Amino acid sequence: MSAHERSDRGGTMSQPKVDRDALAADLERARTDFHQLLSTIGDDEWDAPSNGTRWTNEELLFHMVFGYMIIQRLLILWRVLGRLPVGVGRANARFLNAATVPFDWVNFHGSRVAARVYNRRRMGKKMDRVIGSLQRSLRAQPEAVFARRMPYPDRWDPYFQNSMTLVDIYRYPGQHYGHHRKQLTITGAREP
4 MSAHERSDRG GTMSQPKVDR DALAADLERA RTDFHQLLST IGDDEWDAPS NGTRWTNEEL
64 LFHMVFGYMI IQRLLILWRV LGRLPVGVGR ANARFLNAAT VPFDWVNFHG SRVAARVYNR
124 RRMGKKMDRV IGSLQRSLRA QPEAVFARRM PYPDRWDPYF QNSMTLVDIY RYPGQHYGHH
184 RKQLTITGAR EP
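In my numbering, the protein residues as written are 4 to 195.
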């Protein structure tokens, strides 16, 4: 139900309060789990192929961090386009969906290259900084904006929907993380 729907009495219905604590806990769960993975991986496992991707474990671990990094950019897009007429957002989503093939190429090769910069020695600190930034952003959002919907490129990722709320955006990286975590081939890693 949108914030603009009316009740039977003619007033605007209030939205349920967003459970920021649950969203924040999911971000923290990923940060903690990521550090557990980094401490568990054997020296010979970093360059081992992952399961179901063309990335090594190290590249896939960076890509899992990247899922959180992209949210920082999507929040900017959401702030700008979410205030414009819905037709502008739809046009943007159509444009981005049309660019899925180049996005997939950049997503794959970019993760390979970026894993050389944010490698096994640096990716844990990068994850800490990104999660910290998302935690601060989550706390700073006014309650009313969490229900605002915006069109998104649903062909870019199986966890993107054609219309997403701010709650959906904050939930996305945890879904992405969980999906790719299962593809790691780290012997000592257990499900969180």
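Quick reminder that beta carbons are idealized off the backbone N, C-alpha and C, glycines included.
This structure is a prediction, so every number in the text was calculated from the model and none was measured.
Exposed unless 16 or more other CB atoms sit within 10 angstroms - verdict on residue i
| i | result |
| --- | --- |
| N54 | exposed |
| V21 | buried |
| A33 | buried |
| H38 | exposed |
| T168 | buried |
| G14 | Its pLDDT being 36, under 50, G14 is placed unreliably by the model, and the measurement read from it follows with that caveat. G14 is exposed by the Cβ-count criterion. |
| I44 | buried |
| A25 | exposed |
| I79 | exposed |
| R139 | exposed |
| E108 | A small fix is needed here, since residue 108 is Trp in this sequence, not Glu. W108 comes out exposed. |
Where residue i sits in the DSSP three-state scheme
| i | result |
| --- | --- |
| S166 | strand |
| P156 | coil |
| S21 | Reading off the sequence shown, one finds Val at residue 21, where the question assumed Ser. Coil at V21, not helix or strand. |
| Y121 | coil |
| L99 | helix |
| T190 | coil |
| V92 | In the sequence as displayed, the identity of residue 92 is Gly instead of Val. Correct three-state label for G92: helix. |
| G14 | With a pLDDT of only 36 at G14, under 50, the local geometry of the prediction cannot be trusted, and no value is derived from it. |
| D47 | coil |
| Q75 | helix |
| Q178 | helix |
| R86 | coil |
| P105 | helix |
| Q144 | coil |
| K129 | helix |
| R151 | coil |
Residues that residue i bridges to, as DSSP identifies them
| i | result |
| --- | --- |
| T59 | P52 |
Beta-carbon proximity of residue i to residue j, cut-off 8 Å
| i | j | result |
| --- | --- | --- |
| D29 | G127 | no |
| M153 | G113 | no |
| F240 | W159 | Only positions 4 to 195 of the chain appear in this structure, which leaves residue 240 out of reach. |
| I189 | L87 | no |
| R123 | E62 | no |
| V148 | V68 | no |
| Q164 | Y155 | yes |
| R115 | W58 | yes |
| A137 | Y71 | Just to set this straight, residue 137 is Leu in the shown sequence, not Ala. Contact flag set, yes. |
| A3 | F65 | Outside the shown range of the chain (4 to 195) lies residue 3, about which nothing can therefore be said. |
| N95 | L84 | yes |
| R23 | L187 | no |
beta-carbon residue i near the ligand NAP non-hydrogen atom, thresh 7 Å
| i | result |
| --- | --- |
| R57 | No copy of the ligand NAP occurs in the structure displayed, which carries no ligand at all. |
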